[in-house]
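Asker:
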Amino acid sequence: MLDFIWGLIYNPFWLFAYIFGILSVGQIAFEVAKMINREFLRTPLNLPERYGKGSWALITGSTSEMGFEFCRQLAKQGFNIVFISTRLEVLQDSAHKLEIEYPQVKTKIIEHDFAKKNTVDDYKQLKKDLNGIDISIIVNNAEIVTSKYFKDITPQESLDMVNVNCTSCTMLVHQFINDLLKREKRSAIINVGSLAGYAPTGFQGCYSGTQRMLKFFTYGLHDNYNNKIDVLGLNPGTLKTKESQETSCYCITTPDVTVRNGLRDLGYEIETTGFYAHTIKGGLISIFSRYATPIFDAVSKNCMEKKALEQFRKDHLAKKQS
Ligand SMILES: NC(=O)c1ccc[n+]([C@@H]2O[C@H](COP(=O)([O-])OP(=O)(O)OC[C@H]3O[C@@H](n4cnc5c(N)ncnc54)[C@H](OP(=O)(O)O)[C@@H]3O)[C@@H](O)[C@H]2O)c1
Numbered sequence: 005m006l007d008f009i010w011g012l013i014y015n016p017f018w019l020f021a022y023i024f025g026i027l028s029v030g031q032i033a034f035e036v037a038k039m040i041n042r043e044f045l046r047t048p049l050n051l052p053e054r055y056g057k058g059s060w061a062l063i064t065g066s067t068s069e070m071g072f073e074f075c076r077q078l079a080k081q082g083f084n085i086v087f088i089s090t091r092l093e094v095l096q097d098s099a100h101k102l103e104i105e106y107p108q109v110k111t112k113i114i115e116h117d118f119a120k121k122n123t124v125d126d127y128k129q130l131k132k133d134l135n136g137i138d139i140s141i142i143v144n145n146a147e148i149v150t151s152k153y154f155k156d157i158t159p160q161e162s163l164d165m166v167n168v169n170c171t172s173c174t175m176l177v178h179q180f181i182n183d184l185l186k187r188e189k190r191s192a193i194i195n196v197g198s199l200a201g202y203a204p205t206g207f208q209g210c211y212s213g214t215q216r217m218l219k220f221f222t223y224g225l226h227d228n229y230n231n232k233i234d235v236l237g238l239n240p241g242t243l244k245t246k247e248s249q250e251t252s253c254y255c256i257t258t259p260d261v262t263v264r265n266g267l268r269d270l271g272y273e274i275e276t277t278g279f280y281a282h283t284i285k286g287g288l289i290s291i292f293s294r295y296a297t298p299i300f301d302a303v304s305k306n307c308m309e310k311k312a313l314e315q316f317r318k319d320h321l322a323k324k325q326s
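Start counting the sequence shown at 5; every next residue gets the next number (the numbering used here).
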């Protein structure tokens, strides 16, 4: 044993490799222990007690599957719900559905296009329209995503993406931060991002940039206001939605599971993916970061080609039938 230790001291390379190995194994063991605690042992917090029963949750992009799941799961816990997105009819439908499911819950709908109405005054007006209701939870979930070569994206599309994905959540937090800090109970901010913010991708350069912004913004808010506000970044990987029609596989989950696990981790974590397989994937992506890009690009290219082929088939069929 002594010979081994002397051998290490006299050979800095092996000493460094040994220390590095022990630290890496230690970190992996720590992360696995954290995951077991999160998935199986820890009791979720009582959110109505923590943030105030009967207070309001404001959810942007509430007409998406993920957004509506937030509305439904928070309504189930007794929060009143503010729905925000661009399509009035879908908003009305969603609010109506929720009121039937949870008759004790109040709802408000705000039709607001974050791409078009993005000045400071527009956000002030949005707040005014809420008539001073007691907002305790803000879920920044609205997004636009594009998966194309950058030259095929129009400047307007890029601008809209930045306004919807980044400006909306920054400005909403600006509008409500003082009110959240003045509340007697704690409050919460959930920024919904994605694993695309863990490493750059060629076909989603601007999109993954917006997701990275959300990730850093989340950490900044947490560091500033952890004493009064629970700030959580919910960053899932690919989800199986009605629209995406992703096939089931061990590394794909659904919006309801992601939202349930996101709310389970609220108040405990700064960041979660909402699904264990996405956490493992996110860990690997973070370690290999830049080297993961070609893999992402190959997958995106394959998806784009499949979608183009599918569209071609549909157009061909439509032409034949007409
Ligand atoms: N789906 C996935 O595989 C996946 C994977 C990782 C992360 N996520 C995250 O999950 C969240 C929801 O994703 P999703 O796939 O469910 O989204 P989605 O189906 O594309 O829906 C996007 C939502 O944003 C709203 N929205 C879009 N443009 C808007 C605008 N200009 N102003 C206001 N609202 C606008 C849409 O509302 P209207 O169209 O009604 O206006 C809709 O409710 C996102 O934050 C995303 O980053 C999703």
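By construction, the Cβ of each residue, glycine as well, lies at the ideal position given by its N, Cα and C atoms. Here the structure is a predicted model, which is why all the values come from computation and not from measurement.
Smallest Cα separation from Glu273: which of Tyr211, Ile193 and Thr257?
Answerer: The residue you call residue 273 lines up with position 269 of the sequence shown. Comparing Cα-Cα distances from Glu273 to each of Tyr211, Ile193 and Thr257, the minimum goes to Ile193.
Asker: Jot down the residue ranges of each uninterrupted alpha helix (DSSP H) in the segment 179-237, minimum 4 residues, whole runs only, in chain order.
Answerer: Runs found: 209-229.
Asker: Below 6 Å CB to CB, which residues in the same chain sit around Ile113 once its five sequence neighbours on both sides are set aside?
Answerer: Stepping through the sequence shown from its first residue, residue 113 is reached at position 109. For Ile113, where only same-chain residues beyond five positions count, the Cβ hits under 6 Å are Phe87, Leu95 and Ala99.
Asker: Report all residues from its chain with a CB closer than 7 Å to the CB of Val285; omit the five preceding and five following residues, and keep chain order.
Answerer: For the purposes of this step, residue 285 is identified with residue 281 of the sequence shown, where counting begins at 1. The sequence shown places Lys at residue 285, not Val. Result list for Lys285: Leu199, Gly241 and Cys255, in chain order.
Asker: If distances are taken between C-alpha atoms only, which option among Val168, Leu134, Pro107 and Val143 comes closest to Lys121?
Answerer: One-based indexing of the sequence shown puts residue 121 at position 117. Looking at the Cα atoms, Val168 is the closest of the given residues.
Asker: Is it buried or exposed for Met5, if we count other Cβ within 10 angstroms and need 16 for buried?
Answerer: The sequence position of residue 5 within the sequence shown is 1, counting from 1. With fewer than 16 Cβ atoms within 10 Å of its Cβ, Met5 is classed as exposed.
Asker: Since Ser66 and Ile141 are thought to touch, with beta carbons under 8 Å apart, how far apart are those beta carbons, to the nearest angstrom?
Answerer: Walking along the sequence shown from the start, residue 66 turns up at place 62. Walking along the sequence shown from the start, residue 141 turns up at place 137. That pair is no contact at about 13 Å.
Asker: What does the Cβ neighbour count give for Ser212, buried or exposed, with the cut at 16 atoms within 10 Å?
Answerer: Your numbering for residue 212 matches position 208 in the sequence shown. With 16 or more Cβ atoms within 10 Å of its Cβ, Ser212 is classed as buried.
Asker: Under a three-way DSSP split, which group does Ile148 fall into?
Answerer: Numbered from 1 along the sequence shown, position 144 holds the residue referred to as residue 148. Correct three-state label for Ile148: coil.
Asker: Should Phe83 and Pro48 be called a contact, given that it needs their Cβ atoms to be closer than 9 Å?
Answerer: Here residue 83 refers to the residue found at position 79 of the sequence shown. Here residue 48 refers to the residue found at position 44 of the sequence shown. No, the pair does not count as a contact, with Cβ atoms beyond the cut-off.
Asker: Tell me, which residues are paired with Ser335 by DSSP?
Answerer: Any property of residue 335 remains undetermined from this structure, which presents the chain solely from 5 to 326.
Asker: Which partner residues does Ile63 have in the DSSP bridge list?
Answerer: Residue numbering aside, residue 63 sits at position 59 when the sequence shown is read from its first letter. According to DSSP, Ile63 bridges with Phe87 and Val143.
Asker: Going by DSSP, what residue range makes up the alpha helix (DSSP H) through Leu51?
Answerer: Position 47 of the sequence shown holds residue 51. Leu51 to Tyr55 is the extent of the alpha helix (DSSP H) around Leu51.
Asker: Relative to the alpha-carbon of Glu188, which residue among Ser151, Ile233, Gln208 and Thr222 has its alpha-carbon at the smallest distance?
Answerer: Against the sequence shown, residue 188 aligns to sequence position 184. With respect to the C-alpha of Glu188, the residue from Ser151, Ile233, Gln208 and Thr222 having the closest C-alpha is Ile233.
Asker: In the structure shown, what three-state DSSP assignment does Leu243 receive?
Answerer: Position 239 of the sequence shown holds residue 243. Reduced to three states, the DSSP call for Leu243 is strand.
Asker: DSSP three-state call for Glu275: helix, strand or coil?
Answerer: Within the sequence shown, numbered from 1, the residue matching residue 275 stands at position 271. Correct three-state label for Glu275: strand.
Asker: Does the pairing of the segment 150-164 with the segment 67-78 give three or more beta-carbon distances under 8 Å?
Answerer: The segment 150-164 vs the segment 67-78: no contact.
Asker: Assuming Gln179 and Lys110 form a contact by the criterion Cβ under 8 Å, report the distance between their Cβ atoms to the nearest whole angstrom.
Answerer: Locating residue 179 in the sequence shown gives position 175, where the first residue counts as 1. Locating residue 110 in the sequence shown gives position 106, where the first residue counts as 1. About 21 Å separates the two Cβ atoms, so there is no contact after all.
Asker: Considering only the beta carbon of each residue, do Thr297 and Gly206 sit closer than 9 Å?
Answerer: As a position in the sequence shown, residue 297 is number 293, starting the count at 1. As a position in the sequence shown, residue 206 is number 202, starting the count at 1. In terms of Cβ geometry, Thr297 and Gly206 form a close pair [threshold 9 Å].
Asker: Below 9 Å between beta carbons: does that hold for Leu236 and Gly266?
Answerer: Numbered from its first residue, the sequence shown carries residue 236 at position 232. Numbered from its first residue, the sequence shown carries residue 266 at position 262. For Leu236 and Gly266, yes; Cβs fall inside 9 Å.
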